[in-house]
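A.B. asks:
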Amino acid sequence: MPISTPKRLHVITWGCQMNVYDSARMADVLAPLGYAPAEGPEDADMVILNTCHIRDRATEKVFSELGRLRLVKNARAEAGHNTILAVAGCVAQAEGREILARAPYVDIILGPQTYHRLPEMVAQAARAAGTVIDTDFPAEQKFDFLPDAAAPQSAGGITAFLTIQEGCDKFCSFCVVPYTRGAEASRPAAAIIAEARRMVAAGVREITLLGQNVNAWHGAGPDGTPQTLARLLRALAEIPGLARLRYTTSHPRDMDDDLIAAHGDLPQLMPFLHLPVQSGSDRMLAAMNRKHTAADYLRLIGRLRAARPDLAMSSDFIVGHPGETEADFEATLDLIRSVGFSQAFSFKYSPRPGTPAAGAPHQVPEAEKDRRLYALQDLLRAQQADFNARCVGLTLPVLITGQGRHRGQIAGRSPYLQPVHLTGPAELIGQEIMVCIDDAHTNSLSGATLKEKACA
Ligand code: SAH
Ligand code: SF4
Ligand code: F3S
241 MPISTPKRLH VITWGCQMNV YDSARMADVL APLGYAPAEG PEDADMVILN
291 TCHIRDRATE KVFSELGRLR LVKNARAEAG HNTILAVAGC VAQAEGREIL
341 ARAPYVDIIL GPQTYHRLPE MVAQAARAAG TVIDTDFPAE QKFDFLPDAA
391 APQSAGGITA FLTIQEGCDK FCSFCVVPYT RGAEASRPAA AIIAEARRMV
441 AAGVREITLL GQNVNAWHGA GPDGTPQTLA RLLRALAEIP GLARLRYTTS
491 HPRDMDDDLI AAHGDLPQLM PFLHLPVQSG SDRMLAAMNR KHTAADYLRL
541 IGRLRAARPD LAMSSDFIVG HPGETEADFE ATLDLIRSVG FSQAFSFKYS
591 PRPGTPAAGA PHQVPEAEKD RRLYALQDLL RAQQADFNAR CVGLTLPVLI
641 TGQGRHRGQI AGRSPYLQPV HLTGPAELIG QEIMVCIDDA HTNSLSGATL
691 KEKACA
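So for the sequence shown, my numbering puts the first residue at 241; every next one is plus one.
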């Protein structure tokens, strides 16, 4: 029987959407132990810091946050309250031993594959004085041991993330993910469909399928035949009440014919695709171990847009990977000009300990990385502004996800993932309504419902 003394849990989440999903599942796994959400670390009996190791001074950032949490823990101890402090996520996986050595006041250190063992670690931490550490890649699948997702995790519960695949076997030269998340593993289709149904029953209208390489997802049909992501999307599209589907992050190498076709024939699949390319230079793409060329990428987008002409594209770019010359960088700008992105993320290359690129010769000087990043972001900003401006005057289906910042305002998402603000009653939350877009801003749009304004 679950023990349920009321206790409070505070989770701090950094990093990718998968961490957001994982944080919600850690809260689910602790709920039967009596943990309800806390307002902040000050009133929490347990604090989990869910960390990211992808770039920059990840480890230092963790230690500085832990320093702050230590003060909270000490203050609470003086008032007679115990606080369990846990570090989870990708820094815990990669730097568990260092955390143990430098921050012995941390009670639990756990890697992304062991969240289902959290209750047992909490019990151990409560008993013992030392730190409990578990950064295994266990043979059992954590998803088989986690309880069903209790409630949709994202704001308002209209949109939700659903992890379908984890880990990565691609070993790009620069990336820590294969080391922190382990080998590629897919969840079974039946478990995913059941989870999606529960989400929809709880009011979710839009689901984003998550995976480090979400389009590498593979499963088996009832008769054992292999299935790919397109098949899964088609099955999910049949769930009544599920208005919208998205998936992220995909790899260009795993975009198969059926998935491209699904963009053309599944109305629930939103016309927005985040497809990281990293660079437009074939030399850099080879050095990065991406295993495709710039022309392959452009061809792929041509085929996707043939299937779904209004497909909005997003991507990730890295500037200053070891060996990147001015000509390589120019090739990236050329690729961006050829595609025209509706938004994109760009980063300065950041050496990650233990990855091949970190030890490679011809590291690019910091000042040069800065210069390239500014130039690249200028171009991407202009493309985003242009994309948003082209939406003005259109009537778009907007899924209303919650209240806006001002009284009487509501907010939602366009098919192209732009935030949209408008005036309207809160009863519209959860509905997909037609909105006449009348203004564009840097990262969002504003408009009016058709009732209020006759659109051209
Ligand atoms: N699996 C996804 C990416 C996950 S990481 C994919 O392959 O597309 C998200 C993004 O962080 C990457 O696309 C890359 O642009 C960036 N990134 C990863 N490692 C990095 C590093 N060492 N330095 C700078 N950016 C990095
Ligand atoms: Fe990292 Fe490359 Fe795997 Fe993406 S595909 S998670 S960038 S190793
Ligand atoms: Fe960061 Fe780990 Fe996600 S390194 S980006 S939290 S997979």
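C-beta atoms are modelled at their ideal positions from N, C-alpha and C, and glycine is treated no differently.
1) Would you kindly check if the distance between the Cβ of H561 and the Cβ of A527 is under 8 angstroms?
2) To which residues does DSSP link D374 through a beta bridge?
3) Would the beta-carbon of T489 be found less than 7 angstroms away from any heavy atom of ligand 1?
4) Say yes only if the C-beta of D536 is nearer than 7 angstroms to one or more non-hydrogen atoms of ligand 1, and no if none qualify.
5) Please work out which residues of its chain come closer than 7 angstroms, Cβ to Cβ, to N314, disregarding the five sequence neighbours upstream and downstream, and give them in chain order.
6) Per DSSP, A584 is paired with what?
7) Hey, would you say the C-beta of R367 is under 7 angstroms away from at least one heavy atom of ligand 3?
8) What whole-angstrom Cβ distance do D678 and V632 have, given they're in contact under 8 angstroms?
9) Put I541 into one of helix, strand or coil per three-state DSSP.
10) DSSP state of H602, grouped into three classes?
11) What separation, rounded to the nearest whole angstrom, lies between the Cα atoms of Q393 and L270?
12) Between the alpha carbons of R316 and N322, how many angstroms are there, rounded?
13) Please write down, chain order preserved, every residue whose beta carbon lies under 6 angstroms from a heavy atom of ligand 2.
14) Starting from the Cα of Q518, find the closest Cα among L506, D618, A534 and give me that residue.
15) If I measure Cβ to Cβ from D494 and keep anything under 7 angstroms in the same chain, skipping five residues before and after, which residues do I get?
16) Return the CA-CA distance between A547 and P507, expressed in angstroms with no decimal places.
17) Enumerated in chain order, which unbroken segments of the beta strand (DSSP E) with a length of 3 residues or greater are wholly contained in the region 625-672?
18) Going by beta-carbon coordinates alone, are S555 and L515 separated by less than 8 angstroms?
19) What are the boundary residues of the alpha helix (DSSP H) that includes Y355?
20) Suppose the cutoff is 8 angstroms on Cβ atoms and the five residues either side in sequence are ignored; what does the same chain contact list for H681 look like?
21) For I288 and Y345, what's the separation of their Cα atoms in angstroms?
22) Identify every residue that forms a DSSP beta bridge with A328.
23) Beta-carbon separation of T595 and V416 under 8 angstroms?
24) Could you check which residue in Y656, T420, L402, S684 has the C-alpha nearest to that of G329?
25) Using 7 angstroms as the cut-off, classify the Cβ of S590 as near or not near the heavy atoms of ligand 1, replying yes or no.
26) Flag this pair as touching only if the region 637-644 and the region 666-673 have three or more C-beta atom pairs under 8 angstroms; answer yes or no.
27) According to DSSP, what are the bridge partners of R248?
C.D. replies: To lay it out plainly:
1) Position 287 of the sequence shown holds residue 527. Position 321 of the sequence shown holds residue 561. Cβ distance < 8 angstroms, so A527 and H561 count as in contact.
2) Position 134 of the sequence shown, counted from the first residue, corresponds to residue 374. D374 is bridged to L350.
3) In the sequence shown, counting from the first residue as 1, residue 489 sits at position 249. Yes, the Cβ of T489 comes within 7 angstroms of a heavy atom of ligand 1.
4) Taking the sequence shown and counting its residues from 1, one reaches residue 536 at position 296. D536 Cβ: outside cutoff for every heavy atom of ligand 1.
5) Residue 314 sits at position 74 when you count from the first residue of the sequence shown. Here the set comprises nothing.
6) As a working note, residue 584 is residue 344 in the sequence shown. DSSP output for A584 lists S555 as bridge partner(s).
7) Indexing the sequence shown from 1 puts residue 367 at position 127. Because no heavy atom of ligand 3 lies under 7 angstroms away, the Cβ of R367 does not count as near it: no.
8) For the purposes of this step, residue 678 is taken as residue 438 along the sequence shown, with counting starting at 1. For the purposes of this step, residue 632 is taken as residue 392 along the sequence shown, with counting starting at 1. That belief holds up - the Cβ atoms of D678 and V632 are roughly 6 angstroms apart, short of 8 angstroms.
9) Here residue 541 is taken as the residue at index 301 of the sequence shown, counted from 1. Of the three classes helix, strand and coil, the one that applies to I541 here is helix, per DSSP.
10) Your numbering for residue 602 matches position 362 in the sequence shown. Looking at H602 - three-state DSSP - the assignment turns out to be coil, as it is neither helix nor strand.
11) Looking up residue 393 in the sequence shown gives position 153. Looking up residue 270 in the sequence shown gives position 30. Note that Q393 scores 46 on pLDDT, short of 50, meaning its location in the model is unreliable; the coordinates nonetheless yield the value given after this. In a straight line, the C-alpha of Q393 is about 15 angstroms away from that of L270.
12) Within the sequence shown, residue 316 is the residue found at index 76, counting from 1. Within the sequence shown, residue 322 is the residue found at index 82, counting from 1. Distance between the alpha carbons of R316 and N322 is about 7 angstroms.
13) C408, K410, F411, C412, C415, V417, P418, Q452, N453, H491
14) Counting from 1 along the sequence shown, the entry for residue 518 is found at position 278. The residue with the shortest Cα to Cα distance from Q518 is A534.
15) For the purposes of this step, residue 494 is taken as residue 254 along the sequence shown, with counting starting at 1. Answer for D494: N453, N455, A456, listed in chain order.
16) Numbered from 1 along the sequence shown, position 307 holds the residue referred to as residue 547. Numbered from 1 along the sequence shown, position 267 holds the residue referred to as residue 507. The straight-line gap from Cα to Cα measures roughly 12 angstroms.
17) 635-643, 649-653, 659-663
18) Position 315 of the sequence shown, counted from the start, is the residue given in the question as residue 555. Position 275 of the sequence shown, counted from the start, is the residue given in the question as residue 515. Contact: yes.
19) Here residue 355 is taken as the residue at index 115 of the sequence shown, counted from 1. Premise fails: Y355 is in no alpha helix (DSSP H) and is neither H nor E.
20) Here residue 681 corresponds to residue number 441 of the sequence shown, with the count starting at 1. Answer for H681: N628, listed in chain order.
21) Mapped onto the sequence shown, residue 288 falls at position 48. Mapped onto the sequence shown, residue 345 falls at position 105. Cα-Cα distance, rounded: 13 angstroms.
22) For the purposes of this step, residue 328 is identified with residue 88 of the sequence shown, where counting begins at 1. Bridge partners of A328: N290.
23) By 1-based counting over the sequence shown, the position of residue 595 is 355. By 1-based counting over the sequence shown, the position of residue 416 is 176. Against a cut-off of 8 angstroms, the Cβ pair of V416 and T595 comes out as a contact.
24) The count along the sequence shown starts at 1 and reaches residue 329 at position 89. Cα-wise, what sits closest to G329 is T420.
25) Numbered from its first residue, the sequence shown carries residue 590 at position 350. For ligand 1, at least one heavy atom lies less than 7 angstroms from the Cβ of S590.
26) yes
27) As a position in the sequence shown, residue 248 is number 8, starting the count at 1. A276.
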